[in-house]
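**Student:** One structure coming up, written as structure tokens, with questions to follow.
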Amino acid sequence: MNQTNDNASLEMPENTNPRVALITGASQRLGAATSKELHQHGYNIIIHYNQSLTSAQELVNSFNQKRENSAHAIQADLNDAKSVTNLAESALGLYGKINVLVNNASSFYPTPMGSGTDKDWENLFGSNSKAPFFLSQHLTETLKANQGCIINMVDIHAARPIKDHTIYCMAKSSLVTLTKSLAKELAPQVRVNGVAPGAILWPENITEAEKEKILRQIPLERIGSAKDIAKTILFLVQADYITGQIIAVDGGRSL
């Protein structure tokens, strides 16, 4: 028996029609980790970024070195309606379909009562609520045609607000509602779920005392990693009988 032919028969066939994922805010942190996880599992990746061109391009180049024409980057300001429309149209034009939409991009900063402005409202609701709605709406047809799914990056503080972050928590709470509402409206063709991170990666300028206080609130006594979020998103992408759910990835903190 010809050994060469035996080896050839054992090779995995090349995926000539890979699934496509559009991930907003995908050039850094949780978005980048999610991009890497889905690309590793055979997805073509469309990386949305706003200002992080260098990081986005480096990630695209690394993906394309592993698999030719498997990644692209698109710039868009999610607070601008025309830019959101252009993002959806440009993303769809790259591969002719979208199988997975991950609404990951998020503005996050405090707005204590007395300091909040219209600009804060527009910025926090724009990235955390408005853009996910309109991107989902723009891409509904292709998601339905491809039995796709939407994953929204929520927050455990949508249900348990944190002090001085009222506008942010309101925006994330509306994203929870969007997730559950679209799960009903887009069924049975499209599944819609959310991931609610807890303490994932330490923020800048946090003190050791603040770290200890947070860790005391977490039953697992440690913070999570970007990989934890990425693996949960992959699970939801693959879980064909789950929709309308919010999975907390927080080490038990929300208990």
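Residue numbers (my numbering): -8 to 246.
C-beta: ideal position from N, C-alpha, C; glycine also.
Note that the structure is a prediction, hence the values are computed from the model and not measured.
From the DSSP output, in three-state form, read off residue 83 for me.
**Tutor:** helix
**Student:** Specify the secondary structure class of residue 66 as computed by DSSP and reduced to three states.
**Tutor:** Strand, per DSSP.
**Student:** Less than 8 Å between the beta carbons of residue 189 and residue 155, yes or no?
**Tutor:** no
**Student:** State the CB to CB distance for the pair residue 21 and residue 95, rounded to an integer number of angstroms; the pair is presumed to be in contact (CB under 8 Å).
**Tutor:** 6 Å
**Student:** CA-CA distance, residue 173 and residue 136?
**Tutor:** Rounded to whole angstroms, residue 173 to residue 136 spans 16 Å at the Cα level.
**Student:** For residue 188, write down the residues that DSSP places opposite it in a beta bridge.
**Tutor:** 240
**Student:** How far does the beta strand (DSSP E) with residue 13 in it reach, from first residue to last?
**Tutor:** 11 to 14
**Student:** Mind checking whether residue 43 and residue 54 have CB atoms under 8 Å apart?
**Tutor:** no
**Student:** What is the DSSP secondary structure of residue 213, counted as helix, strand or coil?
**Tutor:** coil
**Student:** With distances taken from CA atoms, which of 217, 192 and 32 is nearest residue 206?
**Tutor:** 192
**Student:** Take residue 89 as the anchor and find which of 115, 121, 66 and 129 has the nearest alpha-carbon.
**Tutor:** 129
**Student:** Counting along the chain, where does the beta strand (DSSP E) carrying residue 173 start and finish?
**Tutor:** Here residue 173 belongs to no beta strand (DSSP E); instead the alpha helix (DSSP H) covers 157 to 176.
**Student:** Determine the DSSP secondary structure at residue 181, reduced to helix, strand or coil.
**Tutor:** coil
**Student:** Counting C-beta neighbours from all protein chains within 10 Å, is the total for residue 210 16 or more, i.e. buried, or is it exposed?
**Tutor:** Exposed, by the Cβ-count rule.
**Student:** Starting from the C-beta of residue 64, find all residues in its chain whose C-beta is less than 7 Å away, skip the five residues before and the five after it, and write them out in chain order.
**Tutor:** 38, 40, 47, 48 and 51
**Student:** Give the straight-line distance between the Cα atoms of residue 73 and residue 117, rounded to the nearest whole angstrom.
**Tutor:** 13 Å
**Student:** Can you give me the Cβ contacts of residue 10 inside the same chain, cut-off strictly under 6 Å, excluding the 5 residues immediately before and after it?
**Tutor:** 34 and 90
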